[in-house]
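First up is the structure itself, then whatever we jot down about it.
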Ligand SMILES: *Cc1c(COP(=O)(O)O)cnc(C)c1O
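As structure tokens, then:
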């Protein structure tokens, strides 16, 4: 049985993959089972920011795997401390709690915010509320999808947990109106990824920081996708010169080889966790810690943050110079751009299918946005090659439109 048929026959149908079967990856390249090479303009939603099969990360993985992998948190291990210390140094925060997937780290942030609200702020028991933003994406647990505004994520999965309220993204007045004495935290992405790389206006995050301070409300940023160099800064919050009270990291933290996530926060916030109150069998295991630490070192040593900034500006400038009626907007920050496709010509999906034929791997988000987010290690000529293919694709679709049915 062919791999695609086997996935369809034996798998749940919770994804709709593009028609390619990948077998190998190296840097910014992916290869299919026939050996055909593609330029990766997706980076596994930023999980592969370091590129595929990074030699230093594979080295750390192999070396640590042979020494100690999963000893559990019932004991100390000699890898976790250095990893947490580096997370604190880079973020400017005080303490970190390791988990595995992004959603788990978001759940950790929610628990921290609620306990902080009840125990420190003095909100009456079980009354703490967290404000979130319309269009948010924070993962797929039942609690998290309960405050999603995307019907496809929610339909049929209720009943949902109370305690969340959603307000328009990037609208400081809306958050101000929504804050009550029972508000424990605001939880947002500084730039919304799955919503289509939605960049709020400059100054919004700084205003939000001030608003949270004035109301004794925690500011918790989900940088699972925007963090670790993706936007041309280590963290997107640095573009606005602020520091959050809590920060959620994941995806690239695993160096493209393991699920590694963390909730990082101020000491006062982290200290609401007491022995037995939270945990994860795999979180903070020695293998994940060794890989996570190496992933952080590689970003620093290879100047990947600066690469993202410079190449990202180049990518955005090239996209904005493309004179195509299909491309109604290109927006983003660093090597993280959403290209908005006019649905009168084609769906973003159809554009991704044409790109695939030309050797470029991307992925649509919603119906109209093509995401362009290559590994931060991509060479400029490979980026330009992929952007040339993108421009050709736009021209091809403009000649043969496949409009999205209204
Ligand atoms: C991907 C993502 C998550 C969820 O991460 P998983 O590892 O898939 O659970 C959470 N928040 C943001 C902003 C994300 O992009």
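In the numbering used here, the protein residues as written are 2 to 407.
Cβ coordinates follow ideal geometry from the N, Cα and C atoms, glycine included.
No experiment lies behind these values; they were computed from the predicted model shown.
Give me the Cα-Cα distance between residue 125 and residue 19, rounded to the nearest whole angstrom. 49 Å
Indicate whether residue 258 and residue 290 have their beta-carbon atoms separated by less than 9 Å. no
What's the C-alpha gap between residue 389 and residue 328? 14 Å
Do you know how far the Cα of residue 362 is from the Cα of residue 44? 9 Å
Own chain residues within Cβ distance below 7 Å of residue 87, not counting five before or after: 294, 297
For residue 408, collect the residues of the same chain with a Cβ closer than 6 Å to its Cβ; drop the 5 residues on either side in sequence, then sort them by chain order. This structure cannot settle anything about residue 408, because the visible part of the chain is limited to 2 through 407.
Would residue 158 be called buried (16 or more neighbouring beta carbons within 10 Å of its own) or exposed? exposed
So, helix, strand or coil for residue 262, using DSSP? strand
Is residue 11 near ligand 1, in the sense that its beta carbon is under 8 Å from a heavy atom of that ligand? no
Determine which residues share a DSSP beta bridge with residue 372 and list them. 339, 364
Leaving out the 5 sequence neighbours to the left and right, which residues in its chain are closer than 8 Å to residue 104 when beta-carbon positions are compared? 139, 140, 141, 142, 145
Please determine whether the Cβ atom of residue 341 lies at a distance below 8 Å from any heavy atom of ligand 1. no
Does the beta-carbon distance from residue 51 to residue 253 come in below 9 Å? yes
Give me the Cα-Cα distance between residue 218 and residue 348, rounded to the nearest whole angstrom. 41 Å
For residue 16, the nearest candidate out of 398, 394, 366 (CA to CA): 366
Same chain, Cβ closer than 7 Å to residue 246, neighbours up to 5 away in sequence not counted: 219, 220, 221, 266, 267, 270
To the nearest angstrom, how far is the alpha carbon of residue 264 from that of residue 96? 9 Å
Residue 244 and residue 93 closer than 9 Å at C-beta: yes
Are the CB atoms of residue 300 and residue 235 nearer to each other than 9 Å? yes
Can residue 374 and residue 320 be called in contact, C-beta distance under 9 Å? no
In chain order, what are the residue ranges of uninterrupted beta strand (DSSP E) at least 3 long that sit wholly in the segment 7 to 37? 23 to 27, 30 to 33
Flag residue 102 as yes when its Cβ comes closer than 8 Å to any non-hydrogen atom of ligand 1, and as no otherwise. yes
Verify whether the separation of the beta carbon atoms of residue 40 and residue 384 is less than 9 Å. yes
Under 8 Å from any heavy atom of ligand 1, does the C-beta of residue 281 make it? no
Count the other CB atoms within 10 Å of the CB of residue 369; is the residue buried (16 or more) or exposed (fewer)? buried
Please determine, among 355, 53, 334, 379, the residue with the shortest C-alpha to C-alpha distance to residue 201. 334
Residue closest to residue 169, alpha-carbon to alpha-carbon, out of 34, 193, 392: 193
Give the DSSP bridge partners of residue 319, in chain order. Residue 319 is not bridged to any residue.
State yes or no: is the C-beta of residue 206 within less than 9 Å of the C-beta of residue 161? no
Euclidean distance between Cα positions of residue 172 and residue 304: 34 Å
Tell me whether residue 3 is buried or exposed, calling it buried when 16 or more other Cβ atoms sit within 10 Å of its Cβ. exposed
Using CA atoms only, rank isn't needed, just tell me which of 350, 32, 153, 116 is closest to residue 278. 116
Which residues mark the beginning and the end of the alpha helix (DSSP H) in which residue 271 is found? 268 to 271
Could you give the DSSP three-state label for residue 144: helix, strand or coil? helix
Please state if the CB of residue 14 and the CB of residue 378 are separated by a distance shorter than 9 Å. no
For residue 165, name the three-state secondary structure that DSSP assigns. strand
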